[in-house]
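Numbering (our numbering), first residue to last: 1 to 287.
Cβ atoms here follow ideal geometry from the backbone N, Cα and C, with glycine treated the same way.
Being a predicted model, the structure only gives us computed values, none of them experimental.
To start, the structure itself, in structure tokens.
Shown next, in the form of structure tokens:
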């Protein structure tokens, strides 16, 4: 089994948190010194370290469900080769082919570099990566973690570091959201209190005083009895035709109108009816 801690000169190259390795739901962490396999169904089991010197072949392919597969052949002490099939499940509208290819290229590169000095060296695989019961001695206790002797410890385990990073990221997101809300609130308050001071005041329109009309009562006419006026004698006279035939005697009224007309003319009490068309003269009664 392996250690969940990084050594002093060890760095993480790649990591994947949604894999199926030999039918086991797992996570994988690739460093510059080893490949770590973490069983997600048994989080208390220490990770399995795969040494680069034990990787004989690295191949890629596709599963029956078209999920990308990375296959490793591990040399074991009994001379057999144990396969490690790392399946990259694809959710709808996702493509993990490029991710699989990157893993294959980096593992192949690190394996070749490690085997240049020592060649291929066998190693033992433990359950659940190979069939068999899980040994009890590799299960951690409730309040402690088993760390192999001689392991150089550097900070918290990988799982703890991921959890802390996720918690810090969430807290940072919440802090940013709260700060944005506070800034918006301050701007709103400042606008409410200070906006009127910067708004140009429009003077009210000038009003012109209107004089108050004085009510004047018309004089009341006093009714006085007048002697009866004899009805005037009206002489029917044919109206003079033409604008030049102006009568030389009597009182006449001239009407100029292109169409037909009717009406009355004369002094009060001496009205007469007139009617005609065009330019006409009508004599009025004066007695």
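Start and end residues, beta strand (DSSP E) containing residue i
| i | result |
| --- | --- |
| residue 57 | 55 to 62 |
| residue 260 | 251 to 265 |
Proximity below 9 Å, CB of residue i to CB of residue j
| i | j | result |
| --- | --- | --- |
| residue 48 | residue 129 | yes |
| residue 281 | residue 272 | no |
| residue 21 | residue 34 | no |
| residue 13 | residue 96 | no |
| residue 71 | residue 57 | yes |
| residue 122 | residue 77 | yes |
| residue 75 | residue 55 | yes |
| residue 260 | residue 277 | yes |
| residue 31 | residue 11 | yes |
Beta-bridge partners of residue i, as assigned by DSSP
| i | result |
| --- | --- |
| residue 111 | Beta-bridge pairing links residue 111 to no other residue. |
| residue 35 | 30, 50 |
| residue 68 | 62 |
| residue 24 | 21 |
| residue 84 | 72 |
| residue 278 | 257 |
DSSP three-state assignment for residue i, whether helix, strand or coil
| i | result |
| --- | --- |
| residue 78 | coil |
| residue 12 | strand |
| residue 124 | coil |
| residue 192 | helix |
| residue 173 | helix |
| residue 272 | strand |
| residue 150 | Bear in mind that the predicted position of residue 150 carries a pLDDT of just 35, short of 50, making it unreliable; the figure below should be weighed with that in mind. Three-state result, residue 150: coil. |
| residue 6 | coil |
| residue 283 | strand |
| residue 106 | helix |
| residue 180 | helix |
| residue 118 | helix |
| residue 221 | Confidence in residue 221 is poor, its pLDDT being 48 and thus under 50, which makes the residue's placement unreliable; the coordinate value appears in the next sentence. Correct three-state label for residue 221: coil. |
Inter-residue CB distance, residue i and residue j (contact presumed, cutoff 8 Å)
| i | j | result |
| --- | --- | --- |
| residue 87 | residue 67 | 5 Å |
| residue 251 | residue 284 | 5 Å |
Chain B within 9 Å of residue i, Cβ atoms only
| i | result |
| --- | --- |
| residue 14 | Included in the structure is just one protein chain, with no chain B present. |
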